[in-house]
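First comes the structure, then the notes that go with it.
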Amino acid sequence: MSIELAVAKPHTHGPSEAPPKTKSQLLRSYEPADFPALTGREEDWRFTPVKRLAGLDDLETAPAVKAAEYAIRSLPAGVTAEAVGKDDKRLGSILKPFDRPSAVAWAKSEKALLVAVAPEAQVTEPVWIDVTGGGLDGATWAHTFIEVGRHADVTLIVRHTGLARLGDNVEISVGDGAHLRLVVVAEWDRESTHVEHQKARIGRDAKLDHIAVTLGGDLVRQYLSVDFAAQGGSVDAFGLYFADAGQHLEQRQLVDHSVPDCRSNVNYRGALQGQDAHTVWIGDVLIQDAATGTDTYEINRNLVLSDGARADSVPNLEIETGEIISAGHASTTGRFDEEHLFYLQSRGIPEAEARRLVVKGFFNEIVQKIPDEGLREELTELVVARLDAGEFLAPADIEAGATA
Numbered sequence: 046m047s048i049e050l051a052v053a054k055p056h057t058h059g060p061s062e063a064p065p066k067t068k069s070q071l072l073r074s075y076e077p078a079d080f081p082a083l084t085g086r087e088e089d090w091r092f093t094p095v096k097r098l099a100g101l102d103d104l105e106t107a108p109a110v111k112a113a114e115y116a117i118r119s120l121p122a123g124v125t126a127e128a129v130g131k132d133d134k135r136l137g138s139i140l141k142p143f144d145r146p147s148a149v150a151w152a153k154s155e156k157a158l159l160v161a162v163a164p165e166a167q168v169t170e171p172v173w174i175d176v177t178g179g180g181l182d183g184a185t186w187a188h189t190f191i192e193v194g195r196h197a198d199v200t201l202i203v204r205h206t207g208l209a210r211l212g213d214n215v216e217i218s219v220g221d222g223a224h225l226r227l228v229v230v231a232e233w234d235r236e237s238t239h240v241e242h243q244k245a246r247i248g249r250d251a252k253l254d255h256i257a258v259t260l261g262g263d264l265v266r267q268y269l270s271v272d273f274a275a276q277g278g279s280v281d282a283f284g285l286y287f288a289d290a291g292q293h294l295e296q297r298q299l300v301d302h303s304v305p306d307c308r309s310n311v312n313y314r315g316a317l318q319g320q321d322a323h324t325v326w327i328g329d330v331l332i333q334d335a336a337t338g339t340d341t342y343e344i345n346r347n348l349v350l351s352d353g354a355r356a357d358s359v360p361n362l363e364i365e366t367g368e369i370i371s372a373g374h375a376s377t378t379g380r381f382d383e384e385h386l387f388y389l390q391s392r393g394i395p396e397a398e399a400r401r402l403v404v405k406g407f408f409n410e411i412v413q414k415i416p417d418e419g420l421r422e423e424l425t426e427l428v429v430a431r432l433d434a435g436e437f438l439a440p441a442d443i444e445a446g447a448t449a
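Take the sequence shown: its position 242, counting from 1, is numbered 287 in the numbering used here, and each next residue is one higher.
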C-alpha cells in the first residue's frame with residue numbers, strides 16, 4: 046500500500062490562550078503566522094542552525110515536485126491504514142503545534158496517513174511503514190495519526206530513507222490498557238533535512254515504548270512530547286543517534302505529567318565524530334501540581350570520538366508537587382575510556398576491534414530495546430560501518446559531564 050500526502054491550504058484554528066507551563070508551551074497554534082520568523086536566538090532554537098532548515102519553517106517554500114512516499118509493507122489482522130482528509134476530527138485532537146515548523150507542516154499538509162489498531166487486537170508481527178524521500182527539489186509536508194484501540198498490543202516500525210526535505214507531524218493515541226511499541230528510524234541520505242514533531246497521549250494503564258534511531262541526514266530535528274490522559278500511564282523513551290562530520294542531529298522530549306500515578310523513563314545515547322559533527326539532546330519533564338505519585342527519570346549519555354565534534358545535553362526537571370515517588374535526571378559527555386581500551390588490548394584484541402566493542406557496548410542497552418531482531422542487527426552493522434570510517438581521538442580519560 047502506498048499513500049502520498051499532498052500540499053494544502055492552511056487550517057483556521059487560532060492561537061491557544063492556555064497559560065504557559067514550560068518554555069515549550071508559551072504559544073500553541075495551528076497558524077504559522079502566529080509564530081514569529083525564526084532567528085536562532087530563541088531559547089528553543091539556539092542550538093539549531095536555522096539557516097539549514099531548507100525552508101521547512103516558511104509557508105512560501107515551494108512544494109516538492111515528487112512528495113515523500115509512505116508505503117505499508119503489510120497489514121496484519123486488526124490493523125488498517127488509509128489516507129484521510131484534514132477534516133477528520135481526530136487530526137489535531139492530540140497535537141497542537143508549539144513552534145513554527147510544526148505549524149507550517151500542519152498548514153501545508155492536506156491529507157494524513159491514519160494507522161488504526163482495533164480494540165483488543167493482539168498483533169504478533171510488526172507493522173512497517175517505509176517513508177521514501179522524493180528528492181531535494183522543493184519540500185514535502187506530511188501528517189500521520191496512529192490510533193491504538195483499548196487493550197490492543199502492536200509494534201509499529203517507521204523507517205525513513207532517501208533524499209528529502211520533510212516537515213511532518215505525528216499524533217499518537219494509545220488507548221486505555223493498550224501497549225504500543227513504536228520504532229522511528231531516520232536513515233536519510235546525507236543531504237536530507239527532516240523536522241518532526243511527535244505528540245503522544247497515553248490512556249489509563251496504557252504503555253508506550255518509543256525508540257528513536259537517528260543516523261542519516263544533514264539536519265534532523267525530532268521533538269517528542271507526551272501527555273497522560275489518565276492514571277496508570279507509562280512511557281519508556283529510548284534513543285540512539287550517531288553524527289558524522291557536518292551533521293546536526295537534535296533530539297528533544299517534553300514529558301508532561303498532569304495526572305496522578307504515571308511513570309516515565311527517558312534514556313538516549315549518542316556518538317559523534319568528525320569536524321563540526323553536532324548533536325543536541327534536550328529533555329524536559331514537567332510534574333504538575335495534580336500529578337501526585339509520579340515516578341520519572343531521564344538520562345542522556347554522549348561519546349565523543351574525534352576532535353571538532355560537539356555534544357550539547359540539557360536535562361530539565363520542573364516539579365510542582367512534593368508528593369511523588371521519585372524524579373531525577375542525568376547527563377554525561379566524554380571520550381573513550383582509556384582503561385576499557387587498555388583492558389581489551391591487553392587481551393590481544395587489536396585497537397580497531399577494541400573500539401568497535403566499546404561503541405557496541407555503549408549502544409547495546411538501547412539496541413536491545415528494538416523489538417525486531419533483523420532490524421537490530423542491521424542497525425548495529427550501520428553503526429560499526431560508520432565507526433570504521435571515522436578518525437578517532439587517542440584514548441583519553443572520560444571528561445565528566447553534568448550528573449544530577
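Here a beta-carbon is modelled for each residue, glycine too, at the ideal position from N, C-alpha and C.
Since the structure is predicted, the reported quantities are computational estimates derived from the model, not experimental observations.
- For alanine 434, there is no enclosing alpha helix (DSSP H), as DSSP gives it neither H nor E.
- Excluding five sequence positions before and after alanine 399, the CB atoms of its chain that fall closer than 7 Å to its own CB belong to Leu386, Leu389, Gln390, given in chain order.
- Per the coordinates, the alpha-carbon of alanine 163 lies some 12 Å from the alpha-carbon of leucine 120.
- By the Cβ neighbour-count rule, asparagine 345 is buried, with 16 or more other Cβ atoms within 10 Å of its own.
- In the three-state reduction of the DSSP assignment, serine 154 falls in the strand class.
- Per the coordinates, the alpha-carbon of alanine 397 lies some 8 Å from the alpha-carbon of aspartate 433.
- For isoleucine 327, the enclosing beta strand (DSSP E) starts and ends at 323 to 332.
- Assignment of histidine 196 by DSSP, reduced to helix, strand and coil, places it in the coil class.
- Burial is judged here by how many other beta carbons sit within 10 angstroms of a residue's own beta carbon; alanine 150 has at least 16 and is buried.
- When the five nearest sequence neighbours on each side are left out, the beta carbons in the same chain lying within less than 6 Å of the beta carbon of arginine 226 are those of Thr200, Asp254, Pro416, in order along the chain.
- Look at the beta carbons and you see the stretch 84 to 94 not touching the stretch 123 to 139: under three pairs across the two are nearer than 8 Å.
- Rounded to the nearest whole angstrom, the CA to CA distance from glycine 137 to glutamate 216 is 8 Å.
- Under the three-state reduction of DSSP, phenylalanine 287 is assigned to strand.
- Within the stretch 313 to 398, the runs of alpha helix (DSSP H) at least 4 residues long that lie entirely inside it are, in chain order, 383 to 390.
- In the pairwise beta carbon analysis, the stretch 309 to 320 is classified as touching the stretch 268 to 288: at least three pairs are separated by under 8 Å.
- Pairwise C-beta distances place the stretch 267 to 278 out of contact with the stretch 403 to 422, as fewer than three of them are shorter than 8 Å.
- Beyond the five residues adjoining it in sequence on each side, alanine 148 comes within less than 8 Å, by CB distance, of Ser74, Tyr75, Glu76, Pro77, Asp79, Phe80, Pro142 in the same chain, given in chain order.
- Closest in alpha carbon position to glutamate 368, among Asp334, Asn347, Ser358, Arg235, is Asp334.
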